[in-house]
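*Asks:* In the working numbering, the protein residues as written are 1418 to 1783.
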Amino acid sequence: MSINTVPDFDIRNAAQAVEALPYLLSYQPDGPDGTLFVLVHDTMRDGPLFSQKFELPDDTDDPHEAGHQIMHNILHRLDEFATGPADILLYLCANQEDAGDGYNAMSRHRVLADALLLSAEAHGVDTLGVIFVTPTHWWVYHHDNPHYRVEGMPVDGPDNPGVVTMNARAVGIPTPPSEAKILAAFEPVTGKDAEGQRAAIIEAVGRRAERVQSTSFDAETERLAAIFDRLLLGGGDDTPLADLTPEQTAELIVGLRHKPLRDVALGYIEPSELPRARELWALLVRRCASDSTTFAAAPLTLAGYAAAVAGEIPAALISLDRARMVDPRYLLAKLLMEQLAMTGSVDEITDRIRQEREDRLRRRDH
């Protein structure tokens, strides 16, 4: 990712660096998953150069191997910039389970912090610091102030603004939204609802195969596209989306794994369609009945793209990042994230999608 618009802060001041983290990420890091966020600092310009985000390794990973791989990725990205000297600042962001047990969680991740520092030193990279961050407190590893290590320091932010927040307000930079609240829209169904939905998806896979064998992939795409048109085109019909049955949502979920239908679904982005489309994509993610199945990649990507079209870039980044987590091979999510990182919008892609939509509707009506 490139650096987002952030307020002025002193990267060598740990409190300010922690307060700036949500602006660097574009959202408050209060989601369920741990994150390793790396900020690369251009020492010649004395400013941020780029950032990278990694999954925080868990207890089953070799911390030394993880540290080496992370550093290798950072150096590879740094080579692309062909810049002068650079140093790094590393943030270990706690997951939700660790957030309420900050000191002990920080202690458990000390081996990883040490491995990252050693790997950086071995590769000739200067490290400004390694900071462990929860939504409420932060610690700096290897800091000479014991309060940073033992008691933790409170995180400055919207409710207790420090220098960075005040700088942001002074120039009109909005407060980054909560990652946890954005992800709440995608929480999978549970219990009997999940059991019924999983059974419906398995059945939908078989029925789709039978229809494709008796007709064709194109015919199946046209059939499902007609359903999306009924639900969404021009604002859709009056069907309450939440009333769609497990069988109805399952055939859409399975169908969206096929790229032609997914590309049709990208086209519901006109003002009269966008709110209802976003509601449907979130519903389909929840009806996948799992937060790790690859079936969720397509509706998550659609949700991310629709959020970007609506101008909600943080929500778009979170949705697309979640799509990459459930299916790292999902190229459209990667493409959209790169477009947002480079330009801050998806306007170029949207122009092409609108043209493809017009062509499809013209063919449909003739």
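Glycine is no exception: its CB is placed at the ideal position from the N, C-alpha and C atoms.
Bear in mind that the values here come from a model prediction, so they are computed numbers and not experimental data.
Thinking just about the alpha-carbon of each residue, which of T1452, D1475, L1466 is nearest to the one in H1458?
*Replies:* Nearest option by C-alpha distance: L1466.
*Asks:* Would you say S1468 and L1453 are within 8 Å of each other, going by their C-beta atoms?
*Replies:* Cβ distance not < 8 Å, so S1468 and L1453 don't count as in contact.
*Asks:* Shortest alpha-carbon distance to H1485 belongs to which of G1448, G1451, L1535, E1668?
*Replies:* Looking at the Cα atoms, L1535 is the closest of the given residues.
*Asks:* If we ignore side chains and look at the alpha-carbon of each, how far apart do Y1440 and A1714 end up?
*Replies:* Distance between the alpha carbons of Y1440 and A1714 is about 26 Å.
*Asks:* DSSP beta-bridge partners for H1481?
*Replies:* H1481 is not bridged to any residue.
*Asks:* Quickly, what does DSSP pair P1472 with across the bridge? List them, please.
*Replies:* According to the sequence as given, residue 1472 is Glu; it is not Pro. Answer by DSSP bridge pairing, in chain order: T1452.
*Asks:* Between the alpha carbons of Y1444 and P1731, how many angstroms are there, rounded?
*Replies:* Y1444 and P1731: Cα-Cα distance of roughly 6 Å.
*Asks:* Taking the alpha-carbon of G1608 as reference, which of D1768, L1683, A1706 has the nearest alpha-carbon?
*Replies:* Checking every option, the nearest Cα to that of G1608 belongs to A1706.
*Asks:* Going by other Cβ atoms of all chains shown within 10 Å of its Cβ, with 16 needed for buried, is F1645 buried or exposed?
*Replies:* F1645 should be labelled buried.
*Asks:* Check for me: the alpha helix (DSSP H) holding G1608 runs from which residue to which?
*Replies:* It spans 1608-1631 - the alpha helix (DSSP H) in which G1608 sits, taken as one unbroken run.
*Asks:* Quick one: give me the first and last residue of the beta strand (DSSP E) that L1506 is part of.
*Replies:* Residues 1503-1510.
*Asks:* On the DSSP letters alone, give me the boundaries of the beta strand (DSSP E) that L1661 sits inside.
*Replies:* Counting along the chain, L1661 falls outside any beta strand (DSSP E), and DSSP gives it neither H nor E.
*Asks:* Just curious, the beta strand (DSSP E) that V1550 is in, first and last residue?
*Replies:* Note, V1550: beta strand (DSSP E), 1543-1550.
*Asks:* If you draw a straight line from the alpha carbon of T1710 to that of M1461, how long is it in whole angstroms?
*Replies:* Approximately 44 Å, taken between the alpha carbons.
*Asks:* Kindly list the residues whose CB is nearer than 7 Å to the CB of I1428, restricted to its own chain and excluding five residues on each side of it in sequence; keep chain order.
*Replies:* Cβ within range, chain order: A1434, H1458, L1506, L1545.
*Asks:* If you follow the alpha helix (DSSP H) that V1528 is part of, which residue opens it and which one closes it?
*Replies:* Start and end: 1527-1539.
*Asks:* Taking the alpha carbon of V1580 as the reference point, which residue from A1432, P1552, E1482 has its own alpha carbon closest?
*Replies:* Of the listed residues, the one whose Cα sits closest to V1580 is A1432.
*Asks:* Less than 7 Å between the CB of R1628 and some heavy atom of the ligand MN, yes or no?
*Replies:* The ligand MN is absent from the structure shown, which contains no ligands of any kind.
*Asks:* Any idea what DSSP makes of G1761, helix, strand or coil?
*Replies:* Coil, per DSSP.
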